[in-house]
Structure formats: C-alpha cells, structure tokens
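Peer 1: Before I ask anything, here is the structure I am working with.
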Amino acid sequence: TTARADTAKIERLRAAGAEVVILPQEQDQVDLRALLRYLGEKGIQSLLLEGGAVLAGRCFRQKLINRVMVFVAAKLLGGGDG
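Note that the sequence shown covers residues 50 to 131 in the numbering used here.
Below is the structure:
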C-alpha cells in the first residue's frame with residue numbers, strides 16, 4: 050500500500066499477523082517498480098498477475114512483464130447433477 054492508506058486498517062492487519070509494506074506512490078497508486086524491487090529483495094523472482102485491465106495495462110505500459118501465460122476455461126451454465 051502507500052502512505053495514503055488508512056492507518057487504523059494497517060494496524061488491524063498487522064495485529065492479525067499480516068506484513069503491510071508502505072511503498073511510494075505513482076499517480077495515486079502503488080509504484081509498481083518499487084513493488085517489484087521490494088519483492089526482488091525478498092527473493093521473489095516470479096509473480097502471478099491476476100488483476101484487472103487497469104493493473105495489466107500499467108504493467109504492460111511500464112514494460113514490467115516478460116512472459117504472458119493465458120488460461121482460458123469454458124464457463125458452463127445450466128442445470129445438471131454437478
């Protein structure tokens with residue numbers, strides 16, 4: 050999150066055992082390059098991006114993506130025994 054986050058919520062998350070990291074912001078959102086640097090320092094070398102179009106678009110525009118894997122699943126609707 051960024052310094053603009055609700056401090057009471059941050060404290061509740063920390064009290065519950067979550068690690069909350071305050072990162073710089075870029076255009077009112079988390080600075081993605083700062084986030085990736087932080088994760089790299091923690092030894093994380095791979096990241097699954099499951100956000101929506103805004104997050105994916107930001108990552109593509111900033112050239113932060115080096116591999117894309119697309120998963121497509123059939124969505125079945127209707128009755129049945131399942």
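Where a beta carbon is used, it is the ideal one built from N, C-alpha and C, also for glycine.
As the structure is a computational prediction, the values presented were derived from the model and not from experiment.
Taking a contact to mean a Cβ-Cβ separation below 7 Å, would you say Ala57 touches Ile71 in this structure?
Peer 2: Within the sequence shown, residue 57 is the residue found at index 8, counting from 1. Within the sequence shown, residue 71 is the residue found at index 22, counting from 1. Their beta carbons are not under 7 Å apart, which means Ala57 does not touch Ile71 by this criterion.
Peer 1: For chain B, find out if any of its Cβ atoms is closer than 7 Å to the Cβ of Tyr87; answer yes or no.
Peer 2: Of the chains in the structure shown, none is chain B; there is only one protein chain.
Peer 1: Could you name the residues of the same chain whose beta carbon sits closer than 6 Å to that of Ile59, not counting the 5 residues immediately before and after it, in chain order?
Peer 2: As a working note, residue 59 is residue 10 in the sequence shown. Around Ile59: Val69.
Peer 1: Could you give the distance in angstroms between the alpha-carbon of Arg82 and the alpha-carbon of Leu62?
Peer 2: By one-based count along the sequence shown, residue 82 stands at place 33. By one-based count along the sequence shown, residue 62 stands at place 13. About 24 Å.
Peer 1: If distances are taken between C-alpha atoms only, which option among Leu85, Val103, Lys112 comes closest to Gln76?
Peer 2: As a first step, residue 76 must be located in the sequence shown, where it is residue number 27. Nearest option by C-alpha distance: Val103.
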